[in-house]
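Written out as structure tokens, the structure is:
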């Protein structure tokens, strides 16, 4: 057996055992998640594992339940009227929907960045970065350090370092989005959920945020919903493809390593979608 | 590639003047407008000068006349679609001018008549030993102004926290009782002010629980103020985008902290408006005070012990007297009340300005 052949075998083996391996060290795992709004079922039987310190991209056409799914991962889903859920979400091996779990705690460890930037208008730039500490009652003394560090991570520090005391509303949309990323990082989450964080941004800001995501994935687990295929390829280690047929709940068609999903998809629909033939 | 300007072009650029091409009018347009303005005006002047039609009646005639004239001008210059446009504009302008004239005339009579009463003693003295026939040089409204301030403060202290808490229950807590709470708050806003006074009179004063006093007046005012504050605060809290609430919750905030540190600060200006509207709702109310606060010519500072006079009561007492000086006093009291309202609202607006922290 030549070296090349041997390596091919190893790759094949790795792929074969990937799911088990993934599950073993998954930090966050959704098991058989189904979601309803009133009587309408919008998601069915989603099984996804998010290994520690990796980036997972959720792709799929609009209305297939990606955003709904991501909101089940930190218990924001339950705030919407008519929301219902089946299945469980394991975080560090325990169901976050368990009877003894406090959603406030869960959301502190599993942070979220939204599609639309939502800085708090009554606070300054600095106040916004530190707002998570204040809102969650975290006691930290090195505020200046946190502000500089998180704003640097979010790629915003150089643009705002001279006007930290200004209102957050003065920033442009792209800057606001990076500000809320910094805000989410300031409470040091273990998992960061990002719901189309770059959909309102220009290419330069998008690139900065993608660099930030790569950098952050050394320390935290990231789940990102995106409509931008290239973005998924650039930032994600794993990709899951969601799809919903007309009037049917969404489900995961295919999941796996990003290179596999984009390079060698097993399902025809995935192939069509990643090649831009629909959606 | 860099663009270079040759000196000629540069000169031309500098010579270019500001213009407003969209304001260019044709002669036909100018003439039509002139006719549409001149004819109704001429008719009005002719009527005023040469006919016995009363002045007020002439203005009632003027508006439809102007609408017709403007409509014709619009038809001539812009075609059929212009007619409705011009009629609506004439109506809107007419209505705002009417409102403006009414408000200015009220203010004008208040200021001119009120100023006759105004003097240092009028602002600093009370009305002890003053009868309706006493000349204006003696006595003042300080006791009534103090009474109004005291009662409004008491009612605001009671109604504002409860009103905002109600609004928070409706928009933030979103409990099961929301429809009922809203229903009762809405019906409460329909309670006539005299009923609020009667309510306090029969339940608290006649039973001996409290005296006829500033506190009793404040309670009656609070009954009236509460629904206004609650409903306005509800409206403004509703305007706070849900993104902010979700954003705060996603940071691991509790619901209480979300409301206190994100939602309320974001709605600060609106909450101040709610308080202002609440105060405005009650500050001139006379009927409930007749039954709860009574009147007193002396200055009272204890809100619980004695009856107390207020500006609305002072106006009510003086205006019906057959002595011109008493009537002037009433105007003076009304002027003080209005200035007080203006000052209160300005201060509230200044405090409620959006400042970021």
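Residue numbers (my numbering), protein chains in the order written: chain U, -8 to 270; chain W, 12 to 368.
Beta carbons are placed, not taken as given, at the ideal position from N, Cα and C, and that holds for glycine.
Counting along the chain, the unbroken beta strand (DSSP E) around residue 103 of chain U starts and ends at 101 to 104. Sequence-distant Cβ neighbours of residue 320 of chain W in its own chain, meaning closer than 6 Å and more than five residues away, are 154, 155, 158, 306, 307.
Scanning chain W for C-beta atoms nearer than 8 Å to the C-beta of residue 118 of chain U yields 367, 368, reported in chain order.
Rounded to the nearest whole angstrom, the CA to CA distance from residue 192 of chain U to residue 166 of chain U is 9 Å. At least one beta carbon of chain U lies nearer than 7 Å to the beta carbon of residue 265 of chain W. Here residue 199 of chain U really is in contact with residue 169 of chain U; their C-beta atoms are around 7 Å apart, less than 8 Å. Under the Cβ criterion of 7 Å, residue 273 of chain W is counted among the residues facing chain U. In the DSSP assignment, residue 38 of chain U falls outside any alpha helix (DSSP H) and lies within the beta strand (DSSP E) extending over 31 to 42.
Taking all protein chains in view, the Cβ of residue 263 of chain W is crowded by 16 or more other Cβ atoms within 10 Å, so the residue is classified as buried. Within 9 Å of the CB of residue 159 of chain W, no CB atom of chain U is found; the nearest one sits about 33 Å away.
Using a 10 angstroms sphere on the CB of residue 315 of chain W, the tally of other CB atoms stays under 16, which defines it as exposed. For residue 261 of chain W, the closest Cβ of chain U is nearer than 7 Å. Within the region 164 to 175 of chain U, 171, 174, 175 place their CB atoms closer than 9 Å to a CB of chain W, listed in sequence order. A residue is called buried when at least 16 other Cβ atoms come within 10 angstroms of its Cβ; residue 27 of chain W does not meet this threshold and is exposed.
Note on geometry: alpha-carbon atoms of residue 256 of chain U and residue 137 of chain U lie some 42 Å from one another. Considering only beta carbons, no part of the region 214 to 237 of chain U lies closer than 7 Å to chain W.
The shortest CA-to-CA distance from residue 124 of chain U to any of U:107, U:45, U:100, U:55 is the one to U:100.
Per DSSP, the beta bridge partners of residue 50 of chain U are U:232.
In the displayed model, residue 198 of chain U falls within a helix according to three-state DSSP. Residues of chain W whose Cβ lies closer than 8 Å to the Cβ of residue 99 of chain U are, in chain order, 262, 263.
Residue 244 of chain W is positioned such that its CB atom lies closer than 7 Å to that of residue 285 of chain W. Beta-bridge annotation (DSSP): residue 185 of chain U is paired with U:104, U:215. In chain U, no part has a C-beta under 7 Å from the C-beta of residue 303 of chain W; the shortest such distance is about 39 Å. Nearest neighbour of residue 98 of chain W by Cα position, chosen from W:79, W:111, W:170, turns out to be W:79. Look at the beta carbons and you see the region 331 to 349 of chain W not touching the region 229 to 244 of chain W: under three pairs across the two are nearer than 8 Å.
Residues of chain U with a Cβ closer than 8 Å to the Cβ of residue 187 of chain W do not exist, since the nearest Cβ in that chain sits about 13 Å away. Taking the beta carbon of residue 125 of chain U as reference, the chain W residues within 7 Å of it are 272, listed in sequence order.
By the Cβ criterion, the region 286 to 299 of chain W is in contact with the region 339 to 358 of chain W, since at least three pairs of Cβ atoms, one from each stretch, lie closer than 8 Å. When only Cα atoms are considered, residue 32 of chain U and residue 195 of chain W end up about 37 Å apart. The continuous alpha helix (DSSP H) containing residue 191 of chain W extends over residues 189 to 199. When only Cα atoms are considered, residue 88 of chain U and residue 76 of chain U end up about 10 Å apart. Against residue 115 of chain U, the close residues of chain W are 367, 368, in the order they occur along the chain (beta-carbon pairs closer than 9 Å). The C-beta distance from residue 252 of chain U to residue 217 of chain U rounds to 13 Å, too long to fall under 8 Å, and the pair is not in contact. At a beta-carbon threshold of 8 Å, the residues of chain W lying near residue 122 of chain U are 259, 262, 272, 273, ordered along the chain. For residue 22 of chain U against residue 38 of chain U, the beta-carbon gap comes to about 6 Å, under 8 Å, which counts as contact. In this structure, residue 53 of chain U and residue 106 of chain U do not form a Cβ contact; the two beta carbons are roughly 12 Å apart against a cut-off of 8 Å.
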